[in-house]
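One point on numbering: in our numbering, the residue at position 189 of the sequence shown is 295, and numbering is uninterrupted.
Heads up, the beta-carbon is just placed ideally off N, CA and C, and yes, glycines get one too.
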Amino acid sequence: MIIYGDVQSGNCYKVLLTAALLRLDYEWIPVDILGGETHTGEFLARNPNGKIPLLELDDGRCLSESNAILGYLVAGTPLWREDRFAQAKVMQWMFFEQYSHEPYIAVARFIARYLGLPEARRAEYEAKQAGGHRALGVMEQQLQISDYLVDDRLSVADIALYGYTHVAGEGGFDLSGYPAIQAWIGRIQTQQNYLPMA
Ligand SMILES: N[C@@H](CCC(=O)N[C@@H](CS)C(=O)NCC(=O)O)C(=O)O
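What follows is the structure, given as structure tokens:
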């Protein structure tokens, strides 16, 4: 399979980390988002939404949306769950990631890290801080009662949230006030086959 992505992107890193933990083989094709490579005709034929990460299977079928790709990769592995309620809990955290976490933390990080915090986007960057801290607070509350987001075992929900949480500092989010999140980050980093972000 082929993974199209950018090594600085947390959404792409989620896919790379999942592939590493599961020891999956893949070809990596770097895509320059600032250079417009997600909007070429060739790329849009694979993902009409013009975004990475993108997974292309050996038979040519394509899958976009990082968390859908994660779901595809972990099916039938210990990173998914057997129990119906636990499966729904995993999805709950993955939807939370896309609606209540990523739009704040990933976007603030994008403005700071990719764009160099230009004055024209400073107000937007600052407006992202409250929502990001709110999301971190929700995670902190859960991680004070369980080692991982769903039960006491790593699942794909942890990978989905880890992608941008562990680099939240690059978006201006100080994690020192979130001890349970810091401990959880440490637990993920000591997993067998862990792959650090490039
Ligand atoms: N919800 C999508 C978000 C994907 C996304 O925003 N990708 C960014 C990079 S992190 C991108 O491709 N940006 C280029 C563009 O929008 O043109 C996912 O989780 O995969």
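Worksheet item: Do D112 and ligand 1 come close, with the Cβ less than 7 Å from some heavy atom?
Response: Translated into the one-based positions of the sequence shown, residue 112 becomes position 6. Yes.
Worksheet entry | Straight-line gap, A229 to A192 (C-alpha atoms, nearest Å) | Within the sequence shown, residue 229 is the residue found at index 123, counting from 1. Within the sequence shown, residue 192 is the residue found at index 86, counting from 1. Distance between the alpha carbons of A229 and A192 is about 39 Å.
Practice prompt. Below 8 Å on the Cβ atoms is my guess for T146 versus I158; work out the distance and round it to an integer in Å.
Written response: Your numbering for residue 146 matches position 40 in the sequence shown. Your numbering for residue 158 matches position 52 in the sequence shown. So it is not a contact: roughly 12 Å between Cβ atoms.
Worksheet item: Per DSSP, Y110 forms a beta bridge with which residues?
Response: What you label residue 110 is simply residue 4 of the sequence shown in a count that begins at 1. In DSSP, Y110 forms a bridge with I135, L160.
Discussion item. When you compare the CB positions of Y220 and L127, do they come within less than 8 Å of one another, or not?
Written reply: The residue labelled residue 220 in the question sits at position 114 within the sequence shown. The residue labelled residue 127 in the question sits at position 21 within the sequence shown. No, these two residues do not count as a Cβ contact at 8 Å.
Practice prompt. Would you check if the distance between the CB atom of G156 and the CB atom of A214 is smaller than 8 Å?
Written response: The residue given as residue 156 occupies position 50 in the sequence shown. The residue given as residue 214 occupies position 108 in the sequence shown. No, they are not a contact pair.
Worksheet entry | Span separating the alpha-carbon of D131 from that of L122 | As a position in the sequence shown, residue 131 is number 25, starting the count at 1. As a position in the sequence shown, residue 122 is number 16, starting the count at 1. Cα to Cα, D131 sits roughly 10 Å from L122.
Discussion item. Quick check: the Cα distance between E188 and D253, rounded to an integer number of angstroms?
Written reply: In the sequence shown, residue 188 corresponds to position 82, counting from 1. In the sequence shown, residue 253 corresponds to position 147, counting from 1. Spanning the two alpha carbons is a distance of roughly 19 Å.
Worksheet entry | Residue environment, W134, which counts as buried when at least 16 other CB atoms sit within 10 Å | For the purposes of this step, residue 134 is taken as the residue at position 28 of the sequence shown. Classification for W134: exposed.
Worksheet item: Alpha carbon to alpha carbon, how far is G142 from E148?
Response: As a first step, residue 142 must be located in the sequence shown, where it is residue number 36. As a first step, residue 148 must be located in the sequence shown, where it is residue number 42. If you take the alpha carbons of G142 and E148, they lie about 12 Å apart.
Discussion item. Please report the distance separating the alpha-carbon of E232 from that of L176.
Written reply: Position 126 of the sequence shown, counted from the first residue, corresponds to residue 232. Position 70 of the sequence shown, counted from the first residue, corresponds to residue 176. Taking the straight line joining both Cα atoms gives about 30 Å.
Item to complete: For the beta strand (DSSP E) containing L169, list its first residue and its last residue.
Response: Mapped onto the sequence shown, residue 169 falls at position 63. Counting along the chain, the beta strand (DSSP E) containing L169 begins and ends at 168 to 170.
Worksheet item: In whole angstroms, what is the alpha-carbon distance linking L281 and E171?
Response: For the purposes of this step, residue 281 is identified with residue 175 of the sequence shown, where counting begins at 1. For the purposes of this step, residue 171 is identified with residue 65 of the sequence shown, where counting begins at 1. Rounded to the nearest angstrom, the two C-alpha atoms are 27 Å apart.
Fill in: For F149, the three-state DSSP class (helix, strand or coil)
In the sequence shown, the residue the question calls residue 149 occupies position 43. Helix, per DSSP.
Practice prompt. Can you give me the start and stop residues for the alpha helix (DSSP H) that L301 sits inside?
Written response: What you label residue 301 is simply residue 195 of the sequence shown in a count that begins at 1. It is not in any alpha helix (DSSP H) - L301 carries neither H nor E in the DSSP assignment.
Item to complete: Go ahead and label I251 buried or exposed: buried means 16 or more other beta carbons lie within 10 angstroms of its beta carbon, across all protein chains shown.
Response: In the sequence shown, the residue the question calls residue 251 occupies position 145. The residue is exposed, with fewer than 16 neighbouring Cβ atoms inside 10 Å.
Worksheet entry | Euclidean distance between Cα positions of P285 and E246 | As a position in the sequence shown, residue 285 is number 179, starting the count at 1. As a position in the sequence shown, residue 246 is number 140, starting the count at 1. If I take the Cα positions, the gap works out to 8 Å.
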